[in-house]
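Each remark here refers to the structure printed beneath this line.
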Amino acid sequence: MKFIKEPYLTINVVLTGVIMLIMIYSVIFSPDKDDYPVTCIHEKLTGEPCVSCGLSHSFSLILRGRVEEAYQWNVYGMRVFLFFALQLLMRIAFSLFYIRFTDTRKQLIMMDIIGSILLFLIAFRQFFVYLIKYS
Amino acid sequence: MEEEVKNNTGQNLGIAALITAIITFVLAVIPCVGLMAIIPGIIAIVLASVGLSHAARTDSPRGVLVAALIIGIVASLISFSQVFVAGKIAEKADKWPDRIEEIVTDVQDKILEDLEDANVSIKIESGDEKIEINTSAKKKDLVEKLEELEGEDTSVVDTLDQE
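Quick note, the sequences are listed as chains A and B, same order.
So the first sequence is numbered by our numbering: it starts at 23 and just counts up by one.
So the second sequence is numbered by our numbering: it starts at -2 and just counts up by one.
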């Protein structure tokens, strides 16, 4: 349990677990059965679908290789899915680099923070636009 | 030994707060679950605050804790703003039926206007025979024609009796 002493590694391990849980959730629940436990609060309150409606369907369909159908459920689904997939790879890669190259740890963390923020802004850009438009 | 345990507590709190804050931030941006993100947001702020007070007592590093607190606060604010977003959309949704009704009435009026001034031409061709019917639905023309007809002698000329 040496990694517990390294906060960066602990954070990476936990975030990897969270992303894996998202992937497992998308695999377990079927888009054909439509048995997703998470419903859109926004739609319940307003009666109008929001920009993120159909994201769970989209993720499940992408993982099943039905990309065209995924686009029909949510146009931004692929972008958000790619963000999570990239984050999963980044957590593993950066953790390995962190263990291997002890001299450049600070630079590595800075690179990770900047890269992740940029990716987040690109993937969720439309959600921010939606938020700004209606608030 | 006791100091090391205290330091570890502060650090663990910082890690927990930062992870919660990051997850809250991602959730807060997604409108479907944005409102729910306020719960982990508050948890992140509380964890970071407790961690900071620990860090102040033990004089341990606060970088992670401050980062967690800032991300937690921003994420909670974004999550809270979803309430206003939902409110605005609901407000707009209430106005939509009236607007749809207005548009339907406008379209209906326009169609009626167009029909009033319409010229209808029907051509029927069957082999060498051709029939062409031309008529006008112009309201003015119809009124004029009616007046013309009313002005004419309307007595029935029955030619059958004469024969």
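A virtual CB, placed ideally from N, CA and C, is assigned to each residue, including glycine.
Bear in mind that the values here come from a model prediction, so they are computed numbers and not experimental data.
Cβ-Cβ distance between residue i and residue j below 9 Å
i              : j              : result
residue 146(A) : residue 71(B)  : no
residue 55(B)  : residue 7(B)   : yes
residue 18(B)  : residue 38(B)  : yes
residue 61(B)  : residue 14(B)  : yes
residue 82(B)  : residue 153(A) : yes
residue 21(B)  : residue 57(B)  : no
residue 116(B) : residue 102(B) : no
residue 64(A)  : residue 74(B)  : no
residue 30(A)  : residue 127(A) : yes
Residue i at chain B interface by Cβ criterion, 9 Å
i              : result
residue 68(A)  : yes
residue 130(A) : no
residue 157(A) : yes
residue 114(A) : no
residue 83(A)  : no
residue 190(A) : Lying before the first or after the last residue shown, residue 190(A) is absent from chain A, which here runs from 23 to 157.
residue 152(A) : yes
residue 111(A) : no
Endpoints, the alpha helix (DSSP H) within which residue i is located
i              : result
residue 152(A) : 147 to 156
residue 40(A)  : 29 to 50
residue 110(A) : 99 to 122
residue 16(A)  : Residue 16(A) lies beyond the stretch modelled for chain A, which goes from 23 to 157, so this question has no answer here.
residue 41(B)  : 35 to 55
residue 160(A) : There is no way to answer for residue 160(A), as the model of chain A reaches only from 23 to 157.
residue 66(A)  : 63 to 68
Contact with chain A by residue i, beta-carbon distance below 9 Å
i              : result
residue 28(B)  : yes
residue 67(B)  : no
residue 139(B) : no
residue 35(B)  : no
residue 23(B)  : yes
residue 63(B)  : no
residue 48(B)  : no
residue 130(B) : no
residue 45(B)  : no
8 Å contact criterion, which residue i and residue j should meet: CB distance rounded
i             : j              : result
residue 60(A) : residue 148(A) : In fact, because the Cβ distance is near 20 Å, the residues do not count as touching under 8 Å.
residue 34(B) : residue 65(B)  : Not a contact, Cβ separation roughly 15 Å.
residue 34(A) : residue 123(A) : Rounded, the Cβ-Cβ distance is 15 Å, inconsistent with contact.
residue 87(B) : residue 67(A)  : 6 Å
Minimum Cβ-Cβ distance from residue i to chain C less than 9 Å
i             : result
residue 38(B) : Of the chains in the structure shown, none is chain C; the protein chains are A and B.
Touching by the beta-carbon criterion (3+ pairs, under 8 Å), the stretch 102 to 118 of chain A and the stretch 133 to 150 of chain A: In this structure the stretch 102 to 118 of chain A lies against the stretch 133 to 150 of chain A, because at least three pairs of beta carbons, one per stretch, are closer than 8 Å.
For the structure I just gave you, are there three or more beta carbon pairs, one from the stretch 81 to 95 of chain A and one from the stretch 37 to 52 of chain A, closer than 8 Å? The count of Cβ pairs closer than 8 Å, one atom from the stretch 81 to 95 of chain A and one from the stretch 37 to 52 of chain A, reaches three, so the stretches are in contact.
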